[in-house]
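The next block holds one structure in the form of structure tokens; read it before the comments.
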Amino acid sequence: MEPIYFDHAATTPLRPEVVEAMLPYYREHWGNPSSLHWSGRAARESMDRAREQVAALLGALPEEIVFTGSGTEADNQALIGISVANEKKGNHLITSVIEHHAILHTAQFLEKRGLRATYLPVDSYGLVDPDAVREAITDETVLVSVMHANNEIGTMQPIREIGAICRERGVLFHTDAVQTVGHLPLDVREVNVDLLSLSAHKLYGPKGVGALFVRKGVRIAPLIHGGGHERGRRSSTENVAGIVGLGESARLAGEDMEWEMAHNSQLRDRLIEGLLERVPDSLLTGHPTQRLPNNASLCIRYIEGESMLLNLDFEGIAVSSGSACTSGSLEASHVLLAIGLPHDVAHGSLRISVGRGNGMQEVDRFLDVFPPIVEKLRAMSPISAAQSAADWPGTEHSHEQEDHEH
Ligand code: PLP
């Protein structure tokens, strides 16, 4: 049986066209882009092209794109770089409780150094209320950072409204768009962002390359100091082949976006509908309509995410679970707890994220294979038989599938 990859939110496979575009920069044009001779020039020109390709995808100017070593680095750069550059202006940062750890742990790092951080709550769908952003802004606020879409539950935030509020109040706005760039139309001017993070390996590009959009005129301190590369914003000899790969994946993503959105959302909807129908006591997590086109995230009651994941892996199906096994104790996902799920429910989380290479027959195979796995695991679970479906929290969300509009 062919393996099935349903974990595109974790990483995407490299597109063959991207590999082809990168290879010459390992084999022939391996020069240092800072060198003035022929070898350096070829590398420099390829980077210029990649910068234009990424800028075009975002509606940005090429000089507003800073290449980084990852999405995580872009997030660190945004938070640390802006707070350092604005030390004299203020020392308050606003973010949300459901951000990726690349943001949350960076905010905590800054808090230990005297910055004040506000972590906005979310509702049961994972949405941040733009009015809460407005109320949290003080004269000391230097940055608001709210992610475009959540990597676990797929909920899309109202970033245009949040950006407009920030603009009105003269506060910079950053969004972590690692899960959306290349998958949804996104224009930095339209959504009022000053800074935006992205990562190549989430859009069929290579790992270890990302970028930060920094709006022209925004002052930002570097995170990595050295020879002054990237206009002094990120030193170190550039990962030329990786950057070429990011550029090519951005170009291809722009070309294929409409098709890919329709393709992914069809598979996602069938997965969600099929799972809610075939697996009793299952609950959709995240917003029913304002969600990533490729994300089906659910909680399956009375069983552990890890057990589901391992049983599916045995069948050759790769998915993900929100809970992580840390030093023998299971820690529930901060995102699922933040949307109000109790620990035991949050532990039964399952994230299926589809991609361009998946087909409906794979979805159907999943829907055949998964319910018996749940039955088997529930039969082994000490709590399942004793519990009734009546105390299922949030059931009001679980059967709203008819209302889906995409
Ligand atoms: N932000 C979000 C929302 C993500 O999903 C991820 C990756 O999982 C990152 C940041 C980190 O990106 P990278 O893996 O390139 O460091």
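Residues 10 to 415 in our numbering are what the sequence shown spells out, letter by letter.
The C-beta atom is built at its ideal place from N, Cα and C for all residues, glycine as well.
* **Terminal residues of the beta strand (DSSP E) in which D57 lies** => Residue 57 sits at position 48 when you count from the first residue of the sequence shown. Taken as a continuous stretch (DSSP letters only), D57 belongs to no beta strand (DSSP E), being part of the alpha helix (DSSP H) at 47-67.
* To do: Would you check whether the ligand PLP has a heavy atom nearer than 7 Å to the C-beta of A262?
  => Position 253 of the sequence shown, counted from the first residue, corresponds to residue 262. No - the ligand PLP has no heavy atom lying nearer than 7 Å to the Cβ of A262.
* Asked: Hey, how far is the Cα of A230 from the Cα of L32?
  -> Along the sequence shown, one-based indexing puts residue 230 at 221. Along the sequence shown, one-based indexing puts residue 32 at 23. So the alpha carbons of these two residues sit roughly 33 Å apart.
* Quick one: using the 10 Å Cβ neighbour count with 16 as the cut-off for buried, is H46 buried or exposed? => One-based indexing of the sequence shown puts residue 46 at position 37. Under this definition H46 is an exposed residue.
* Any 3 or more C-beta pairs closer than 8 Å across the segment 121-128 and the segment 288-308 -> no
* Asked: Leaving out five residues before and five after G235 in sequence, what residues of the same chain have Cβ atoms less than 8 Å from its Cβ?
  -> Position 226 of the sequence shown, counted from the start, is the residue given in the question as residue 235. Cβ within range, chain order: S244, S245.
* Residues bridged to H101 (per DSSP) -> If you number the sequence shown from 1, residue 101 lands on position 92. Answer by DSSP bridge pairing, in chain order: R125, T150.
* To do: Please name the residue in A83, P130, E54 whose C-alpha comes closest to that of A347.
  => For the purposes of this step, residue 347 is taken as the residue at position 338 of the sequence shown. Closest by alpha carbon: P130.
* Identify, in the order they occur along the chain, each residue of the same chain with its Cβ nearer than 8 Å to the Cβ of E170, setting aside the five sequence neighbours on each side. => For this step, residue 170 is matched to residue 161 along the sequence shown. Once the five neighbours on either side are set aside, the close Cβ partners of E170 are P139.
* By DSSP, does M165 sit in helix, in strand, or in coil? -> Taking the sequence shown and counting its residues from 1, one reaches residue 165 at position 156. It is a strand residue.
* Asked: Of all the alpha helix (DSSP H) runs that stay within the bounds of the segment 326-395, which reach a length of 4 or more residues?
  -> 343-347, 352-355, 369-389
* Asked: So, using beta-carbon positions, are V151 and L102 closer together than 8 Å?
  -> If you number the sequence shown from 1, residue 151 lands on position 142. If you number the sequence shown from 1, residue 102 lands on position 93. Closer than 8 Å, so yes.
* How big is the Cα-Cα spacing for I74 and G191? -> Here residue 74 corresponds to residue number 65 of the sequence shown, with the count starting at 1. Here residue 191 corresponds to residue number 182 of the sequence shown, with the count starting at 1. Roughly 15 Å between the two C-alpha positions.
* To do: Can you give me the Cβ contacts of H413 inside the same chain, cut-off strictly under 7 Å, excluding the 5 residues immediately before and after it?
  => The residue you call residue 413 lines up with position 404 of the sequence shown. Residue confidence for H413 is low, a pLDDT of 36 falling below 50, so the modelled location carries little weight and cannot support an answer.
* Sequence-distant residues of its chain with Cβ nearer than 8 Å to H238 (five each side left out) -> Residue 238 sits at position 229 when you count from the first residue of the sequence shown. Result list for H238: S43, S244, S245, T246, E247, in chain order.
* To do: List the DSSP bridge partners of Y14.
  => Within the sequence shown, the letter at position 5 stands for residue 14. In DSSP, Y14 forms a bridge with A327.
* **Nearest-angstrom Cα separation, counted from V354 out to L345** => Counted from its first residue, the sequence shown places residue 345 at position 336. Counted from its first residue, the sequence shown places residue 354 at position 345. Cα to Cα, the separation comes out at about 9 Å.
* Asked: Just the Cα atoms here: how many angstroms apart are A8 and A209?
  -> There is simply no residue 8 to check, as the chain begins at 10 and stops at 415 in what is shown.
* Asked: Distance, Cα to Cα, I252 vs T77?
  -> By 1-based counting over the sequence shown, the position of residue 252 is 243. By 1-based counting over the sequence shown, the position of residue 77 is 68. One C-alpha to the other measures close to 9 Å.
* Candidates G357, L293, A51: closest to E315 by CA position -> Here residue 315 is taken as the residue at index 306 of the sequence shown, counted from 1. Out of G357, L293, A51, G357 has the C-alpha closest to the C-alpha of E315.
* To do: Compare the C-alpha of I107 against each of A116, N95, G135, K97 and name the closest.
  => Here the question's residue 107 lines up with position 98 in the sequence shown. The option with the nearest alpha carbon to I107 is G135.
* Asked: Secondary structure at D290, three-state DSSP: helix, strand or coil?
  -> Residue 290 sits at position 281 when you count from the first residue of the sequence shown. In the structure shown, D290 sits in coil (DSSP, three-state: anything other than H, G, I, E or B).
* Between I309 and V383, which are expected to be in contact by the criterion C-beta below 8 Å, what is the C-beta distance as a whole number of angstroms? -> Here residue 309 refers to the residue found at position 300 when the sequence shown is read from its first residue. Here residue 383 refers to the residue found at position 374 when the sequence shown is read from its first residue. Indeed, because the Cβ distance is near 6 Å, the residues count as touching under 8 Å.
* Asked: Taking 7 Å as the line, does the beta carbon of S390 fall inside it for any heavy atom of the ligand PLP?
  -> For the purposes of this step, residue 390 is taken as residue 381 along the sequence shown, with counting starting at 1. S390 Cβ: outside cutoff for every heavy atom of the ligand PLP.
* Which runs of the beta strand (DSSP E), 3 residues or longer, sit entirely within the segment 196-259? -> 204-208, 219-223
* To do: Kindly indicate the opening and closing residues of the beta strand (DSSP E) around I309.
  => Start at 1 with the first residue of the sequence shown, and residue 309 comes out as number 300. Where I309 is concerned, the enclosing beta strand (DSSP E) stretches over 304-309.
* Endpoints, beta strand (DSSP E) assigned at I74 -> To locate residue 74, count along the sequence shown from 1; it is residue 65. I74 -> beta strand (DSSP E) spans 74-77.
* Stretch-stretch touch, CB-based, cutoff 8 Å, three pairs: the segment 160-167 with the segment 83-95 -> no
* Under the three-state DSSP convention, the category R36 falls into -> If you number the sequence shown from 1, residue 36 lands on position 27. If DSSP states are grouped into helix, strand and coil, R36 belongs with the helices.
* Do V227 and L181 have their C-beta atoms within less than 8 Å of each other? -> Here residue 227 refers to the residue found at position 218 when the sequence shown is read from its first residue. Here residue 181 refers to the residue found at position 172 when the sequence shown is read from its first residue. In contact: V227 and L181 (Cβ atoms closer than 8 Å).
* Whole-angstrom C-beta distance between L307 and L359, which should lie under 8 Å -> The count along the sequence shown starts at 1 and reaches residue 359 at position 350. The count along the sequence shown starts at 1 and reaches residue 307 at position 298. So it is a contact: roughly 5 Å between Cβ atoms.
* To do: Consider the Cβ of L124: report whether some Cβ of chain C lies at a distance smaller than 8 Å.
  => Note that chain C does not occur in the displayed structure, where there is just one protein chain.
* Asked: What do you reckon, is the C-beta of A156 under 7 Å from a heavy atom of the ligand PLP?
  -> As a first step, residue 156 must be located in the sequence shown, where it is residue number 147. Per the sequence presented here, residue 156 reads as Met, with Ala not at that position. Checking every heavy atom of the ligand PLP against the Cβ of M156, one is found closer than 7 Å.
* Asked: Buried or exposed: T189, going by 16 or more other Cβ atoms within 10 Å of its Cβ?
  -> One-based indexing of the sequence shown puts residue 189 at position 180. Flag for T189 reads buried.
* Pick out whichever of Q117, V202, V137 has its Cα sitting closest to the Cα of A173. => Position 164 of the sequence shown holds residue 173. Checking every option, the nearest Cα to that of A173 belongs to V202.
* Using a threshold of 7 Å, is the CB atom of H210 nearer than that to any non-hydrogen atom of the ligand PLP? -> Counted from its first residue, the sequence shown places residue 210 at position 201. Because some heavy atom of the ligand PLP lies under 7 Å away, the Cβ of H210 counts as near it: yes.
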